[in-house]
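Peer 1:
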Amino acid sequence: MLNCDLSSLDEKHICPHCEQELACCNAPPFHIGDGLGWGSEFMFICLNDKCSLYVNGWKHIEEQFGHISSYRYMLLPGEKKGTPMMVGSSDAFKGCEVDPEAVKSQNERYKREKEAIAQLDTCIEQQNLQPILTLILDEAAEKAARKRACEILCKVNDLSCVDPIRNHEFNDCSIEQLANLSISKLLSENFKKECPYCAEIIKSQAKICRHCDNEL
Ligand SMILES: [Zn+2]
Ligand SMILES: [Zn+2]
């Protein structure tokens with residue numbers, strides 16, 4: 249995923265047998281014919297069950313080879329001309345369709361995570377909250393990196409981390425607990441607390457909240 253060329257996801261190809269647009273699918277991990285890799289993460293396949301290549305393929309293969317298979321028109325990214333690929337059932341490759349936008353956004357998320365992890369070592373001295381927040385708020389990021397981000401959160405003395413973390417819905421409650429712990433520490437080190445009524449950050453000695461006027 250990391251090193252593959254995602255520009256191939258934008259390619260549009262038309263099946264010469266049925267004029268329908270080819271579906272973008274994940275390539276299987278190995279080449280069915282010869283055991284070699286496909287050389288691509290993705291492939292384009294005509295999944296149209298009314299495609300003449302597919303409809304006529306059953307009879308052709310049975311006559312030629314005596315077994316039950318047909319062909320789908322298949323093309324690798326960057327190619328102009330595809331080839332017939334043997335399939336054993338109409339379902340083959342149907343579960344492998346990829347949503348190009350989803351793949352791209354997953355890839356973006358992954359890149360942001362890796363960048364944030366690389367910045368963790370220097371973010372304390374640079375007082376840079378961003379990579380820490382990125383990891384704490386990214387439920388798909390590595391757990392170890394998120395834990396570490398929680399640990400160093402209070403060392404980057406920046407109270408602007410409170411709202412985004414408080415407003416985040418955590419799936420991983422162990423990370424939520426660590427983040428909350430770090431926020432408590434950060435607030436008390438700054439002689440602050442959160443108003444229990446309006447959640448604004450106020451002085452820890454305050455008797456009346458200056459935001460909502462409630463008595464504390
Ligand atoms: Zn077709
Ligand atoms: Zn208040």
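Counting in this note's numbering, the sequence shown runs from 249 upward without gaps.
Ideal placement from N, C-alpha and C gives every residue a C-beta, glycine not left out.
From a predicted model like this one, the values you see are computed outputs, not experimental measurements.
At what residue ranges does the stretch 339-378 contain a whole run of the alpha helix (DSSP H), taking only runs of 4 or more?
Peer 2: For the stretch 339-378, whole alpha helix (DSSP H) runs of length 4 or above, ordered along the chain, are 348-367.
Peer 1: Quick one: which unbroken alpha helix (DSSP H) runs of 4-plus residues sit fully inside the stretch 387-437? Chain order, please.
Peer 2: Runs of the alpha helix (DSSP H) inside the stretch 387-437: 391-401, 410-414, 421-437.
Peer 1: Roughly how far, in whole angstroms, is the beta-carbon of Ile384 from the beta-carbon of Ala397, given that I think they are within contact range, below 8 Å?
Peer 2: Walking along the sequence shown from the start, residue 384 turns up at place 136. Walking along the sequence shown from the start, residue 397 turns up at place 149. With a Cβ gap of about 5 Å, Ile384 and Ala397 count as contacting.
Peer 1: Whole angstroms are fine: how far does the CA of Glu349 sit from the CA of Glu310?
Peer 2: Here the question's residue 310 lines up with position 62 in the sequence shown. Here the question's residue 349 lines up with position 101 in the sequence shown. C-alpha separation (whole angstroms): 39 Å.
Peer 1: What's the call for Ala295, buried or exposed, on a 16-neighbour Cβ count within 10 Å?
Peer 2: Walking along the sequence shown from the start, residue 295 turns up at place 47. A small fix is needed here, since residue 295 is Leu in this sequence, not Ala. The residue is buried, with at least 16 neighbouring Cβ atoms inside 10 Å.
Peer 1: If we count the other Cβ atoms within 10 Å of its Cβ and call it buried at 16 or more, is His315 buried or exposed?
Peer 2: Within the sequence shown, residue 315 is the residue found at index 67, counting from 1. Burial call: exposed.
Peer 1: When you compare only the Cα positions, how much space is there between Lys441 and Tyr358?
Peer 2: Your numbering for residue 441 matches position 193 in the sequence shown. Your numbering for residue 358 matches position 110 in the sequence shown. Whole-angstrom Cα-Cα distance: 35 Å.
Peer 1: Helix, strand or coil, according to DSSP, for Ile245 in the structure here?
Peer 2: In the structure as shown, the chain starts at 249 and stops at 464, and residue 245 therefore has no counterpart that could be examined.
Peer 1: From the DSSP secondary-structure annotation, give me the bridge partner or partners of Asn304.
Peer 2: Stepping through the sequence shown from its first residue, residue 304 is reached at position 56. Paired residues: none, contrary to the question.
Peer 1: In chain order, what residues have a CB nearer than 6 Å to some heavy atom of ligand 1?
Peer 2: My final list is Cys263, His265, Cys266, Gln268, Cys294, Asn296, Cys299, Leu301, Tyr321.
Peer 1: For the beta strand (DSSP E) that Asn274 lies in, which residues bound it at each end?
Peer 2: Here residue 274 corresponds to residue number 26 of the sequence shown, with the count starting at 1. Unbroken beta strand (DSSP E) run through Asn274: 271-274.
Peer 1: For the stretch 431-449 and the stretch 399-411, state whether three or more C-beta atom pairs, one from each stretch, are separated by less than 8 Å.
Peer 2: Counting Cβ pairs under 8 Å, three or more are found: they touch.
Peer 1: If you run the structure through DSSP and keep just helix, strand and coil, what is Glu448?
Peer 2: Within the sequence shown, the letter at position 200 stands for residue 448. In this structure, Glu448 counts as coil in the three-state DSSP scheme.
Peer 1: Mind checking whether the beta-carbon of Glu448 lies closer than 7 Å to any heavy atom of ligand 2?
Peer 2: On the sequence shown, residue 448 is found 200 positions in, with the first residue counted as 1. Checking every heavy atom of ligand 2 against the Cβ of Glu448, one is found closer than 7 Å.
Peer 1: Cβ-heavy atom distance between His261 and ligand 2 below 7 Å?
Peer 2: The residue given as residue 261 occupies position 13 in the sequence shown. For ligand 2, not one heavy atom lies less than 7 Å from the Cβ of His261.
Peer 1: Compute the minimum distance between the beta carbon of Tyr358 and the heavy atoms of ligand 2, and state whether it is under 7 Å.
Peer 2: One-based indexing of the sequence shown puts residue 358 at position 110. Tyr358: no, Cβ never under 7 Å from ligand 2.
Peer 1: May I ask you to report which of helix, strand or coil DSSP gives Glu463?
Peer 2: Here residue 463 is taken as the residue at index 215 of the sequence shown, counted from 1. Strand, per DSSP.
Peer 1: If you compare alpha carbons, which of Tyr319, Pro276, His308 is closest to His265?
Peer 2: As a working note, residue 265 is residue 17 in the sequence shown. Nearest of Tyr319, Pro276, His308 to His265, Cα basis: Tyr319.
Peer 1: By how many angstroms is the C-alpha of Glu424 removed from the C-alpha of Met334?
Peer 2: Your numbering for residue 334 matches position 86 in the sequence shown. Your numbering for residue 424 matches position 176 in the sequence shown. Approximately 50 Å, taken between the alpha carbons.
Peer 1: Helix or strand or just coil, what does DSSP make of Glu311?
Peer 2: Counted from its first residue, the sequence shown places residue 311 at position 63. Correct three-state label for Glu311: helix.
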